[in-house]
Amino acid sequence: MKHRIVVLGAGYAGIHAAGRLARRLHPAGTEIILVNAEAEFVQRIRMHQVATGQPVARRPLRDVLAGTGVTLRQARVAAVDADSRTVTCTDGSTINFDTLVYALGSTATTDGHHIAGEQGAFRVRDRLGELTAGETVLVVGGGLTGIEAVTEIAESRPDLDVRIAVRGGFGDWLGDRARTHLHGTAARLGITVHEHTDVAVLSSATPPAALSDIADPAAADLTVWTTGFGAHPIAAASGLAVTDGRIVVDETMRSVSHPHVYAVGDAAYAPGPGGKPLRMSCASGTPMAWLAADAVAARLTGGSLPRNTIRYYAQCISLGRRDGIIQLVTADDQATPKAITGRPAARIKELICAGAAWNIAHPTMLLPTRRHHLTAFPSSIPA
1 MKHRIVVLGA
11 GYAGIHAAGR
21 LARRLHPAGT
31 EIILVNAEAE
41 FVQRIRMHQV
51 ATGQPVARRP
61 LRDVLAGTGV
71 TLRQARVAAV
81 DADSRTVTCT
91 DGSTINFDTL
101 VYALGSTATT
111 DGHHIAGEQG
121 AFRVRDRLGE
131 LTAGETVLVV
141 GGGLTGIEAV
151 TEIAESRPDL
161 DVRIAVRGGF
171 GDWLGDRART
181 HLHGTAARLG
191 ITVHEHTDVA
201 VLSSATPPAA
211 LSDIADPAAA
221 DLTVWTTGFG
231 AHPIAAASGL
241 AVTDGRIVVD
251 ETMRSVSHPH
261 VYAVGDAAYA
271 PGPGGKPLRM
281 SCASGTPMAW
291 LAADAVAARL
301 TGGSLPRNTI
311 RYYAQCISLG
321 RRDGIIQLVT
331 ADDQATPKAI
341 TGRPAARIKE
351 LICAGAAWNI
361 AHPTMLLPTR
371 RHHLTAFPSS
381 IPA
């Protein structure tokens, strides 16, 4: 009987976790199952490009996992019972596990137009295609997603009246050099910026007339919401300890309430530098997946636990296809005065995105094969 490891979610974190586990554990004693609702990998960091109708490569997961020893189970997760160690799918089937790696990620916190996922980006794309010259697009929210969305839309549709509403100052967390460049780019692209707007009181149900307080004309023809992401509600109903819907984990990405469960990516509330939780991002999710996989393997094979060295180096921001910002940051994600801007930054950001996609397409290529046998009969191993 093999020790079954189930990984939920085939985003950046889930695929990296499954691939690294396949490199660390000998298949004679373990079975790795990756569960995902879709048959293809979605490049979530490119959703602002999808929203403007740009072609973005899709990769069949079976091709990605070919030769890794990881089994793909295409199914949509309906519930997780951490106590009984079962996953229930929407088709009524169940999957038992010995160890679970939860990587279902996050979702949009609004029912309106958003680019939190592929289907949302497709809806924005279709609505943009219906707009005619002079009509208004309003992006609500001035984080990284909002900045990338508004600049991509403005660049691809210069005939539209493109606006953004932000709670504080536009890019106010950036260093002076990066912030100055951001404002210059917005002016160059003809973006109207509404700063110090109480976007927290707005929602997708806000009457159009109320938007006149933050943007003219009185109602936008398309409003795109980028005011935040929330953890998938499955985690909160699983019996696991959560904070703000995210699974609380220790330094090894292990659940603090259920030691046979690990969480990575946007779904995890994990300790980061400076005592702050790691933010929802690809920059956090991938190293979290590596750490969790190494910790699982170490505990199952009697190896040494890995040390948590996750930190931040930069925030990479696309400003359309030919402009960008690489904001250098401290270990705990605070902006420094140093930044790369313009076309060089755009090229670096594209290299990073392309590199992330290549890594996903080759989930076991960057690691030497050191497949260790389990130290005891699977059923007796304390996961």
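Here UniProt numbering is used: position 74 in the sequence shown is 74, and no number is missing along the way. C-beta: ideal position from N, C-alpha, C; glycine also.
With residue i and residue j assumed to form a contact (beta carbons below 8 angstroms), what rounded beta-carbon distance in angstroms separates them?
i           : j           : result
residue 79  : residue 234 : 6 angstroms
residue 270 : residue 278 : 5 angstroms
residue 114 : residue 225 : 5 angstroms
residue 253 : residue 305 : 11 angstroms between Cβ atoms; not a contact.
residue 121 : residue 50  : 4 angstroms
residue 346 : residue 322 : 6 angstroms
residue 9   : residue 104 : 4 angstroms
Reducing DSSP to helix, strand and coil, say where residue i ends up.
i           : result
residue 151 : helix
residue 111 : coil
residue 313 : coil
residue 42  : coil
residue 381 : Caution applies to residue 381, whose pLDDT of 48 falls short of 50 and renders its modelled position unreliable; the model cannot decide the point.
residue 225 : strand
residue 11  : coil
residue 352 : helix
residue 197 : coil
residue 246 : strand
residue 371 : coil
residue 360 : helix
residue 161 : strand
residue 181 : helix
residue 4   : strand
residue 138 : strand
residue 241 : coil
residue 255 : strand
residue 145 : helix
residue 233 : coil
residue 116 : coil
residue 215 : Summary for residue 215: the model assigns pLDDT 45, below 50, so the residue's position carries little reliability, and this model does not support an answer.
Could you work out which residue in the options is closest to residue i when comparing CA atoms only?
i           : options               : result
residue 296 : 335, 325 and 260      : 260
residue 157 : 189, 272 and 148      : 189
residue 335 : 170, 176 and 61       : 176
residue 154 : 100, 75, 256 and 186  : 186
residue 108 : 338, 228, 7 and 278   : 228
residue 324 : 45, 264, 55 and 178   : 178
residue 289 : 356, 16 and 10        : 16
residue 308 : 340, 273 and 144      : 273
residue 416 : 47, 42 and 48         : In the structure as shown, the chain begins at 1 and stops at 383. Residue 416 is therefore absent and cannot be evaluated.
residue 141 : 374, 165 and 121      : 165
residue 340 : 360, 111, 315 and 358 : 315
residue 240 : 32, 293 and 100       : 100
residue 184 : 147, 358, 291 and 311 : 147
residue 6   : 29, 66, 138 and 95    : 95
residue 71  : 33, 97 and 45         : 33
residue 343 : 48, 28 and 181        : 181
residue 375 : 19, 20 and 29         : 29
residue 332 : 244, 265 and 283      : 283
residue 232 : 171, 172, 263 and 299 : 263
residue 92  : 85, 98 and 77         : 77
residue 39  : 55, 56, 45 and 11     : 11
residue 128 : 293, 54 and 317       : 54
residue 359 : 9, 4, 20 and 8        : 20
residue 167 : 125, 74, 197 and 14   : 197
residue 236 : 66, 102, 68 and 56    : 102
residue 162 : 223, 14 and 27        : 223
residue 136 : 191, 57 and 242       : 191
residue 111 : 251, 230 and 293      : 230
residue 47  : 194, 320, 238 and 328 : 320
Please classify residue i as buried or exposed, where buried requires at least 16 neighbouring CB atoms within 10 angstroms.
i           : result
residue 63  : exposed
residue 207 : Residue placement at residue 207 is flagged as unreliable, the pLDDT there being 45, under the threshold of 50; a coordinate-derived value is accordingly withheld.
residue 1   : exposed
residue 36  : buried
residue 83  : exposed
residue 287 : buried
residue 256 : exposed
residue 138 : buried
residue 130 : exposed
residue 349 : buried
residue 3   : buried
residue 313 : exposed
residue 18  : buried
residue 44  : buried
Any beta-carbon of chain D closer than 8 angstroms to the one on residue i?
i          : result
residue 51 : Absent from the structure is chain D; it holds one protein chain and no more.
Original post:
Could you give the uninterrupted runs of the alpha helix (DSSP H) lying entirely in the stretch 266-332, keeping only those of 4 residues or more?
Top reply: Listed in chain order, they are 282-301.
**OP:** For the stretch 14-101, list the beta strand (DSSP E) runs that are entirely contained and at least 3 residues long, ordered along the chain.
**Re:** If we require 3 residues or more, the beta strand (DSSP E) runs fully inside the stretch 14-101 come out as 30-36, 71-74, 77-81, 86-89 and 94-96.
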